[in-house]
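Reading through the structure tokens given below for one structure.
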Amino acid sequence: ILRDVPGLEEHMFPDKICLISPAALVSAVKRTHYDEDARHWRLWPITPNTSFAEQSATFFNAFGDAIHSAWTAARIDTTRYPLRKWKQTPFDALDIEGACPPNLALWSVGKPGWPDVVAYGAAVDMSADPEAAHPLQSIIDAAGAVMGQQPDRGYVLALAVTRKCDLKERLQLVVVDRTGLVSGTPFLVHDPESIEHLVRIVAGMMFAKRTRLGHDPTVYRRSNRSFVRIRGVDFTAAARADAEIGIESPVVEGFDAEKTTEAEFEILEWTSDVRDNRLIQSGTACWRVRGPDGREYAMREAWDPSHEVYGYNREREIVAVLGHIAGVPDIVAGGAVEVNGVPWTTNAVRACIDGNYKHCMPYLMMDTRTRHRVLMYPFGEDILRYTSPLELIYVFSDVTRELERVAAKKVIQRDMSLGNIVIRRPHKGRARGMLIDMDKACILNDRGQDDSGDLTGTLRYLALAAIDREPRIPADDLESLAYVFIHICILFNGPRGALRTDKDIKDTAVGCWYDMTEKHAQHKASLRTSDEAIDRLLNDFT
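First residue of the sequence shown? That's 160 in the numbering used here, and the numbers climb one at a time after it.
Okay, structure coming up:
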């Protein structure tokens, strides 16, 4: 957390946000709506029995209207600017942990869903309850959940509004990203010396382009569809993957793979599962995209720390060792997402910090995260979309062979899980299982072992050797694959992800797999030697 950063408002919302000069916009709004004698905005609602959050939302909306009117008076065409409104909003749907969730959200009119929220905030009247949690805490508690709803965002903006015992309203701009929180210096809402800060914040949040509010600047829209351009795509690798299963390459008029150095891909759907509300993480997200060659690819993006052992750099290292493995999607393009020729990093939000900042040393010690984009072929859908038990068997049979091919290259995958097995559905022939994600893989030593001691993988699928911190071998990947299969057969009631309803997973034989306990290890050990343990396991199959 970097608090009270000077100049954050000017950094996030530069002069061009005001359309006219900041001084001219300040003068226009102040002249019409500010009471010099009372030193108070006439726009602030004075209504009894209205919550502080509702008062704050009403004020910001009225202030936005005042800015819009000032632009109109200056003969600026405002028809192309978005229509957004602040509302007092419950955050129950986001399942946020914390005693005091946020209570403000900025919405584009006609788009009230959480995947479309523009910004959020917390308004706390501390004059009524001096012990109330500070709004910054509420903003932090919700940050991961809000960003998890919008995987294309590099950061999200928020407002902390307080009324303290002196009955004066204060405002603080907050920016949250995958590295943490940055807040500006709080200022008095009705202080005439702070009007420019207020103008920049309201004008920026309510009227700026999506990219100014943290959305990926490399993604653009056309005819209500989203696109991204990717350089250096290896289209020959995609053709090879098709040929391996007897599929002819599609013929697309006007497309020439050899002459294409930068290609446009249409983003069809976001395929990631939204469950992890942590803020400080890579925020890995995946999309199904269609290329100019007519094929469907998987595009994965993540905010990788510069000192992270696993992630983009590890995966590229492993892929270089593996080369092409039949059944394992090829990385056909990849690299840092660039904005104006510069890698998109979390430093962009913090670029206004200099050596005079009082918390400069913690800032200099922070790890920088870089947005990496990887394009893979072919696209595979979630394993839980299997359509029949036979198809599920085919999928696991395919992945077993793929693990054998990986092991032949002296590599162990070390992260077998539900999320790392996908189904390819070619337009002819049967569905096929594919192994993905090599970002936690490891090159084996001369003895054919991984002796790093790294505890990588999903807890419930860990092989016994991993739990006991023993050297791992390729057979441990197969053991983990078996646990994934068992888990599916117990947790789900059939194809297409239908969860069982008659029993909680914790009440089954594999309930102990969710905790790192001695019971967990003992149960997996018993499955190797005890027919009784296996029978109890099979009794829980649906």
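By construction, the Cβ of each residue, glycine as well, lies at the ideal position given by its N, Cα and C atoms.
Computed from a predicted model, the values in this text were never measured in an experiment.
Notebook entry, point to check: Terminal residues of the continuous alpha helix (DSSP H) containing residue 269?
Noted result: In the sequence shown, residue 269 corresponds to position 110, counting from 1. No alpha helix (DSSP H) contains residue 269, which DSSP labels as neither H nor E.
Item checked: Unbroken beta strand (DSSP E) run spanning residue 321, endpoints -> Within the sequence shown, residue 321 is the residue found at index 162, counting from 1. Where residue 321 is concerned, the enclosing beta strand (DSSP E) stretches over 314 to 322.
Checklist line | Local conformation of residue 229 per DSSP, three classes | finding: Here residue 229 corresponds to residue number 70 of the sequence shown, with the count starting at 1. Helix.
Margin query: Determine whether the beta carbon atoms of residue 187 and residue 229 lie at a separation below 8 Å.
Written below: Indexing the sequence shown from 1 puts residue 187 at position 28. Indexing the sequence shown from 1 puts residue 229 at position 70. It is a contact, given that the beta carbons lie within the stated cut-off.
Check: Since residue 690 is in the alpha helix (DSSP H), which residue starts that stretch and which ends it?
Finding: Here residue 690 is taken as the residue at index 531 of the sequence shown, counted from 1. Counting along the chain, the alpha helix (DSSP H) containing residue 690 begins and ends at 690 to 698.
Next item on the list: List the whole-angstrom C-beta distance separating residue 210 from residue 257, where the pair is believed to meet the contact cut-off of C-beta under 8 Å.
Entry: Position 51 of the sequence shown, counted from the first residue, corresponds to residue 210. Position 98 of the sequence shown, counted from the first residue, corresponds to residue 257. Incorrect: roughly 19 Å between the Cβ atoms, too far for contact.
Next item on the list: With residue 649 as the anchor, note down where its alpha helix (DSSP H) starts and where it stops.
Entry: Working through the sequence shown from its first residue, we reach residue 649 at position 490. Segment 633 to 650, the alpha helix (DSSP H) holding residue 649.
Next item on the list: Could you check how far apart the C-beta atoms of residue 446 and residue 530 are, in whole angstroms? I think they sit under 8 Å.
Entry: In the sequence shown, counting from the first residue as 1, residue 446 sits at position 287. In the sequence shown, counting from the first residue as 1, residue 530 sits at position 371. So it is not a contact: roughly 14 Å between Cβ atoms.
Item checked: Residues near residue 358 in its chain [Cβ-Cβ closer than 6 Å; skip 5 each side] -> In the sequence shown, the residue the question calls residue 358 occupies position 199. Counting only Cβ-Cβ distances below 6 Å, and skipping sequence neighbours, we find 184, 185.
Note to self: For residue 559, report the span of its alpha helix (DSSP H) as first-last.
What the structure shows: Within the sequence shown, numbered from 1, the residue matching residue 559 stands at position 400. Where residue 559 is concerned, the enclosing alpha helix (DSSP H) stretches over 548 to 567.
Item checked: beta strand (DSSP E) runs contained entirely in the region 374 to 450, provided each spans 3 or more residues -> 378 to 381, 384 to 390, 421 to 429, 444 to 449
Next item on the list: With distances taken Cα to Cα, identify the nearest neighbour of residue 676 among 621, 417, 508.
Entry: Reading the sequence shown from its first residue, position 517 is the one you call residue 676. Comparing Cα-Cα distances from residue 676 to each of 621, 417, 508, the minimum goes to 621.
Check: Contact check, residue 340 vs residue 329 under 8 Å by CB: the rounded distance?
Finding: Along the sequence shown, read from residue 1 onward, the residue named residue 340 stands at position 181. Along the sequence shown, read from residue 1 onward, the residue named residue 329 stands at position 170. That belief does not hold up - the Cβ atoms of residue 340 and residue 329 are roughly 17 Å apart, past 8 Å.
Notebook entry, point to check: Looking at the unbroken beta strand (DSSP E) that takes in residue 336, where does it start and where does it end?
Noted result: Position 177 of the sequence shown, counted from the start, is the residue given in the question as residue 336. Residues 328 to 336.
Next item on the list: Rank 431, 666, 574 by C-alpha distance to the C-alpha of residue 631 and give the top, closest one.
Entry: The residue labelled residue 631 in the question sits at position 472 within the sequence shown. Answer by Cα proximity: 574.
Check: Starting from residue 189 and walking both ways along the alpha helix (DSSP H), at which residues does that stretch end?
Finding: Residue 189 sits at position 30 when you count from the first residue of the sequence shown. Looking at the DSSP string, the run of the alpha helix (DSSP H) that includes residue 189 is 181 to 192.
Item checked: Boundaries of the alpha helix (DSSP H) in which residue 673 is found, first to last residue -> Stepping through the sequence shown from its first residue, residue 673 is reached at position 514. That residue, residue 673, is in no alpha helix (DSSP H); it is neither H nor E in DSSP.
Next item on the list: Could you check if residue 380 is buried or exposed, using at least 16 other CB atoms within 10 Å of its CB as the buried criterion?
Entry: The residue given as residue 380 occupies position 221 in the sequence shown. When all chains shown are included, residue 380 counts as exposed.
Item checked: Proximity to residue 587 [Cα-Cα], best of 402, 688, 488, 494 -> Walking along the sequence shown from the start, residue 587 turns up at place 428. The residue with the shortest Cα to Cα distance from residue 587 is 402.
Next item on the list: Return helix, strand or coil for residue 175, following the three-state DSSP convention.
Entry: Position 16 of the sequence shown holds residue 175. Three-state result, residue 175: helix.
Margin query: Taking 8 Å as the threshold (C-beta atoms), are residue 351 and residue 193 in contact?
Written below: Here residue 193 corresponds to residue number 34 of the sequence shown, with the count starting at 1. Here residue 351 corresponds to residue number 192 of the sequence shown, with the count starting at 1. Their beta carbons are under 8 Å apart, which means residue 193 touches residue 351 by this criterion.
Next item on the list: Inspect the CB distances between the region 282 to 291 and the region 310 to 321 and report whether three or more fall short of 8 Å.
Entry: yes
Notebook entry, point to check: So residue 489 is in the beta strand (DSSP E); what residue range does that whole segment cover?
Noted result: Translated into positions along the sequence shown, residue 489 becomes position 330. Taken as a continuous stretch (DSSP letters only), the beta strand (DSSP E) holding residue 489 covers 489 to 495.
Notebook entry, point to check: Do you know whose CA, among 481, 596, 418, lies nearest residue 458's CA?
Noted result: For the purposes of this step, residue 458 is taken as the residue at position 299 of the sequence shown. Nearest of 481, 596, 418 to residue 458, Cα basis: 596.
Checklist line | Beta carbon of residue 699 nearer than 8 Å to that of residue 668 | finding: On the sequence shown, residue 699 is found 540 positions in, with the first residue counted as 1. On the sequence shown, residue 668 is found 509 positions in, with the first residue counted as 1. Yes, they are a contact pair.
Item checked: Three-state secondary structure (DSSP) of residue 261 -> Locating residue 261 in the sequence shown gives position 102, where the first residue counts as 1. Residue 261: coil per DSSP, three-state reduction.
Next item on the list: Ignore the nearest five residues each way along the sequence and tell me which others in residue 208's own chain have a CB closer than 7 Å to its CB.
Entry: By one-based count along the sequence shown, residue 208 stands at place 49. No residues qualify anywhere along the chain.
Note to self: Helix, strand or coil, according to DSSP, for residue 360 in the structure here?
What the structure shows: Position 201 of the sequence shown holds residue 360. In this structure, residue 360 counts as helix in the three-state DSSP scheme.
Margin query: Which residue marks the beginning of the beta strand (DSSP E) containing residue 464, and which one marks its end?
Written below: For the purposes of this step, residue 464 is taken as residue 305 along the sequence shown, with counting starting at 1. Looking at the DSSP string, the run of the beta strand (DSSP E) that includes residue 464 is 455 to 464.
Check: Using a Cβ-Cβ cut-off of 7 Å (strictly less than) and excluding sequence neighbours within five positions of residue 408, which residues of its own chain qualify?
Finding: Locating residue 408 in the sequence shown gives position 249, where the first residue counts as 1. Counting only Cβ-Cβ distances below 7 Å, and skipping sequence neighbours, we find 398, 401.
Check: In or out: residue 519 buried (at least 16 other Cβ within 10 Å) or exposed?
Finding: Here residue 519 corresponds to residue number 360 of the sequence shown, with the count starting at 1. Classification for residue 519: exposed.
Next item on the list: May I ask which residues mark the beginning and end of the beta strand (DSSP E) holding residue 299?
Entry: Looking up residue 299 in the sequence shown gives position 140. Here residue 299 belongs to no beta strand (DSSP E); instead the alpha helix (DSSP H) covers 294 to 307.
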